[in-house]
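Numbering-wise, this note's numbering comes out as the position in the sequence shown, counting from 1, plus 161.
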Amino acid sequence: MPELPRVPLPPQSVLDAFGLRGVPEPLTGGQGRSVRVGGAVLKPAEGAEEEAVWAASVLERLPRGAGFRVPRPLRSADGDAVVDGWTAAEFLDGRLGPQRQWSGVLAAGRALHAALREEPRPGLLDRRTHPWAVADRVAWGERETDVVAELAEPFALLLSRWRPVEAVAQLVHGDLTGNVLFAPGRDPAVIDFTPYWRPPLYAEAVVIVDGLLWYDLPPELLAVGADDPRWHQMLIRALIFRLVSLSGLAGPSWRAGEKEAARFLKVAEAVERGCSGPGMPTG
Numbered sequence: 162m163p164e165l166p167r168v169p170l171p172p173q174s175v176l177d178a179f180g181l182r183g184v185p186e187p188l189t190g191g192q193g194r195s196v197r198v199g200g201a202v203l204k205p206a207e208g209a210e211e212e213a214v215w216a217a218s219v220l221e222r223l224p225r226g227a228g229f230r231v232p233r234p235l236r237s238a239d240g241d242a243v244v245d246g247w248t249a250a251e252f253l254d255g256r257l258g259p260q261r262q263w264s265g266v267l268a269a270g271r272a273l274h275a276a277l278r279e280e281p282r283p284g285l286l287d288r289r290t291h292p293w294a295v296a297d298r299v300a301w302g303e304r305e306t307d308v309v310a311e312l313a314e315p316f317a318l319l320l321s322r323w324r325p326v327e328a329v330a331q332l333v334h335g336d337l338t339g340n341v342l343f344a345p346g347r348d349p350a351v352i353d354f355t356p357y358w359r360p361p362l363y364a365e366a367v368v369i370v371d372g373l374l375w376y377d378l379p380p381e382l383l384a385v386g387a388d389d390p391r392w393h394q395m396l397i398r399a400l401i402f403r404l405v406s407l408s409g410l411a412g413p414s415w416r417a418g419e420k421e422a423a424r425f426l427k428v429a430e431a432v433e434r435g436c437s438g439p440g441m442p443t444g
């Protein structure tokens, strides 16, 4: 049996700086890099310290009781949000969506985005070069890229369906699907803030596309944005975003290409069928 990858643990000096006591326990989910220490979750910033510091200041300003919760960032005794490459935030318990909680995920996103509406655009978004940042720019026609050969066919199909669209952008959480927790009697908790500067409707399209690609999304939810004539183009962009980011993460020994290509082609067809009814233009 292969040995599981070892999760990095914060040194005692980091725990001391944040005033934490306890034994770090690796948490499942996400990218498998988070650990819990008592009532806190610590994650390595992994070269994104500037974004982590900025994000902490944004999350600290968000209101309470506005239809969502977020983990409040912890700061060191010196007021630092990042200590030796580590961030810390309060631990929020709950059951992870999205299964059977699709409407709740979308509602939490809408509440969060309403609270973020007046936040200014951070310049650091322009300096990000990770696969998801590249994919986001490609999805919005801001740059071109090649994808692995296995995904070339669905990529070409999606690009052929891409059209310009006008929509007001703001700060959004671009990866809501697996990052909303549900607890009885409490507002949903939105975790792992992943910032992008895009229309909120696009963030919802990413959730729907994720559901079509990798979850058992109820078919009727494909029409969740049907009252907006831009919905079809948001779905196309969300598909391009996921495809290009997947391509950027695929290694030389990637063996799931044919399966993933078929998956994207199937969902692209479902989007076309779902967006071809009355009030759902495909242009």
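C-beta atoms are modelled at their ideal positions from N, C-alpha and C, and glycine is treated no differently. Every value quoted in this text rests on a predicted model; they were computed, and no experiment measured them.
Is Ala350 closer than 8 Å to Arg230 when the C-beta atoms are compared? Taking the sequence shown and counting its residues from 1, one reaches residue 230 at position 69. Taking the sequence shown and counting its residues from 1, one reaches residue 350 at position 189. Closer than 8 Å, so yes.
The beta strand (DSSP E) that contains Ser251, what's its start and end? Counted from its first residue, the sequence shown places residue 251 at position 90. The question names Ser, but residue 251 is Glu in the sequence shown. First-last of the beta strand (DSSP E) with Glu251: 247 to 251.
Limits of the beta strand (DSSP E) - the one that His334 falls within: The residue given as residue 334 occupies position 173 in the sequence shown. Element bounds for His334: 331 to 334.
At 3 residues or longer, what runs of the beta strand (DSSP E) sit wholly inside the stretch 277 to 351? If we require 3 residues or more, the beta strand (DSSP E) runs fully inside the stretch 277 to 351 come out as 331 to 334, 341 to 343.
Using alpha carbons as the reference points, say which of Asp389, Arg304, Ser195 lies closest to Ala328. On the sequence shown, residue 328 is found 167 positions in, with the first residue counted as 1. For Ala328, the nearest C-alpha among the options comes from Asp389.
CA nearest to the CA of Glu207, picked from Glu251, Arg194, Gly199: The residue given as residue 207 occupies position 46 in the sequence shown. Among Glu251, Arg194, Gly199, the Cα nearest to that of Glu207 is on Arg194.
Could you check the C-alpha separation between Ala448 and Asp307 for me, to the nearest Å? Nothing in the structure corresponds to residue 448, since the chain is present only between 162 and 444.
Whole-number beta carbon distance between Asp348 and Gly228, since they are thought to touch under 8 Å: Within the sequence shown, the letter at position 67 stands for residue 228. Within the sequence shown, the letter at position 187 stands for residue 348. Indeed they touch by this definition, with Cβ atoms about 6 Å apart.
Range covered by the beta strand (DSSP E) that runs through Val198: As a first step, residue 198 is located in the sequence shown; it is residue number 37 there, counting from the start. Counting along the chain, the unbroken beta strand (DSSP E) around Val198 starts and ends at 196 to 198.
Spatially closest choice to Gly137 from Gln331, Arg434, Ala330, Phe354, by CA coordinates: A question about residue 137 goes unanswered here, because the residues of the chain that appear run from 162 up to 444.
Short check: CB of Gly391 to CB of Ala300, under 8 Å? Locating residue 391 in the sequence shown gives position 230, counting from the first residue. Locating residue 300 in the sequence shown gives position 139, counting from the first residue. As written in the sequence, residue 391 is Arg, which differs from the Gly given in the question. If you check the CB distance, Arg391 and Ala300 do not come in under 8 Å.
With distance defined between alpha-carbon atoms, name the residue in Leu277, Arg278, Ser174, Gly183 nearest to Asp245. Locating residue 245 in the sequence shown gives position 84, where the first residue counts as 1. It is Ser174.
Could you spell out where the beta strand (DSSP E) holding Ala399 opens and where it closes? Within the sequence shown, the letter at position 238 stands for residue 399. No beta strand (DSSP E) contains Ala399, which is instead part of the alpha helix (DSSP H) from 392 to 410.
Report yes if the CB atom of Val266 is closer than 8 Å to the CB atom of Gly418, and no otherwise. As a first step, residue 266 is located in the sequence shown; it is residue number 105 there, counting from the start. As a first step, residue 418 is located in the sequence shown; it is residue number 257 there, counting from the start. Not a contact, by the Cβ cut-off of 8 Å.
Do Leu273 and Trp358 come within 8 Å of each other at the CB atom, strictly closer than that value? As a position in the sequence shown, residue 358 is number 197, starting the count at 1. As a position in the sequence shown, residue 273 is number 112, starting the count at 1. Trp358 places its beta carbon 8 Å or farther from that of Leu273.
Check whether Ala238 and Ala201 have beta carbons under 8 Å apart: Residue numbering aside, residue 238 sits at position 77 when the sequence shown is read from its first letter. Residue numbering aside, residue 201 sits at position 40 when the sequence shown is read from its first letter. It is not a contact, given that the beta carbons lie outside the stated cut-off.
Kindly confirm or deny that the stretch 424 to 436 and the stretch 400 to 408 touch, where touching means at least three C-beta pairs closer than 8 Å. Yes, the stretch 424 to 436 touches the stretch 400 to 408.
Using a Cβ-Cβ cutoff of less than 7 Å, which residues in the same chain neighbour Arg236 once the five nearest sequence positions on both sides are dropped? As a position in the sequence shown, residue 236 is number 75, starting the count at 1. Same-chain partners within the cutoff: Ala242.
Drop a sphere of 10 angstroms on the beta-carbon of Pro413, count the other beta-carbons inside from all chains shown, and report buried for 16 or more, exposed for fewer. Residue mapping note: residue 413 aligns to position 252 of the sequence shown, counting from 1. Per the 10 Å Cβ criterion, exposed.
Just the Cα atoms here: how many angstroms apart are Val184 and Ala313? Counting from 1 along the sequence shown, the entry for residue 184 is found at position 23. Counting from 1 along the sequence shown, the entry for residue 313 is found at position 152. Their backbone Cα atoms lie some 47 Å apart in a straight line.
Between the stretch 360 to 369 and the stretch 317 to 334, do at least 3 Cβ pairs fall closer than 8 Å? Touching, yes.
I'd like the list of long-range same chain contacts for Arg424, defined as Cβ closer than 7 Å, with 5 residues on each side in sequence excluded. Numbered from its first residue, the sequence shown carries residue 424 at position 263. The answer, listed in chain order, is Leu374.
Can you look up Glu186 in the DSSP assignment and give me helix, strand or coil? Here residue 186 refers to the residue found at position 25 of the sequence shown. Judged by DSSP in its simplified three-state form, Glu186 adopts strand.
Hey, out of Arg298, Leu203, Ala268, whose CA is closest to Thr248's CA? The residue given as residue 248 occupies position 87 in the sequence shown. Of Arg298, Leu203, Ala268, the residue nearest in Cα terms is Leu203.
If you count every other CB in all the chains shown that lies within 10 Å of the CB of Asp447, and 16 or more means buried, which is it? Since the displayed the chain opens at 162 and closes at 444, residue 447 lies outside it and no answer follows.
Mapping DSSP to helix, strand and coil, what is Arg222? As a working note, residue 222 is residue 61 in the sequence shown. Here Arg222 sits in helix by DSSP.
How is Ala242 classed by DSSP in three states: helix, strand or coil? Sequence index remark: in the sequence shown, residue 242 carries index 81 (1-based). In the structure shown, Ala242 sits in coil (DSSP, three-state: anything other than H, G, I, E or B).
In the DSSP assignment, find the unbroken alpha helix (DSSP H) run with Val202 in it and report its ends. Position 41 of the sequence shown, counting from 1, holds the residue named residue 202. Run containing Val202: none in the alpha helix (DSSP H); it sits in the beta strand (DSSP E), 201 to 205.
Using the Cα positions of Glu311 and Gly284, report the straight-line distance between them to the nearest angstrom. Mapped onto the sequence shown, residue 311 falls at position 150. Mapped onto the sequence shown, residue 284 falls at position 123. If you draw a straight line from the Cα of Glu311 to the Cα of Gly284, it is about 34 Å long.
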